[in-house]
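Asks: Numbering (UniProt numbering), first residue to last: 1 to 109.
In this text, a Cβ means the ideal position worked out from N, Cα and C, and glycines have one as well.
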């Protein structure tokens, strides 16, 4: 497929789809947890996703990557996920919606 034929879904729509990706340990979506560091299209048309995890030792990267793929496969033709560790994730990155979700799950945040 040529570069010009690749889908260029608006990044806002991609971010909205990624709200369906739930961190398996915390039960909150990766966007509201602040795990999404960036979205952009590469020159070849692929979507580049910069994400992190709450800890670099998280054993669930494959599960999260599968969820990402399932939720964006209808929106983009090609994507690459780049795990980012700097700056490290911290609870200050959680959105207000994420904090509400965590409180509803019983977290004291």
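Locate the beta strand (DSSP E) running through residue 18, then write down its first and last residues.
Replies: One-based indexing of the chain shown puts residue 18 at position 18. No beta strand (DSSP E) holds residue 18; the alpha helix (DSSP H) holding it covers 11-18.
Asks: Identify, in the order they occur along the chain, each residue of the same chain with its Cβ nearer than 6 Å to the Cβ of residue 60, setting aside the five sequence neighbours on each side.
Replies: Your numbering for residue 60 matches position 60 in the chain shown. 24, listed in sequence order.
Asks: At which residues does the beta strand (DSSP E) containing residue 51 begin and terminate?
Replies: The residue you call residue 51 lines up with position 51 of the chain shown. Taken as a continuous stretch (DSSP letters only), the beta strand (DSSP E) holding residue 51 covers 47-51.
Asks: If contact is defined by three or more beta carbon pairs under 8 Å, each pair taking one atom from either stretch, is the segment 59-75 in contact with the segment 85-104?
Replies: Contact between the segment 85-104 and the segment 59-75 is absent, because fewer than three Cβ pairs lie under 8 Å.
Asks: Quick one: what's got a C-beta closer than 6 Å to residue 2's C-beta in the same chain, skipping five residues either side?
Replies: Along the chain shown, read from residue 1 onward, the residue named residue 2 stands at position 2. Summary for residue 2: the model assigns pLDDT 46, below 50, so the residue's position carries little reliability, and this model does not support an answer.
Asks: I'd like the list of long-range same chain contacts for residue 71, defined as Cβ closer than 8 Å, with 5 residues on each side in sequence excluded.
Replies: Counting from 1 along the chain shown, the entry for residue 71 is found at position 71. Result list for residue 71: 17, 18, 20 and 21, in chain order.
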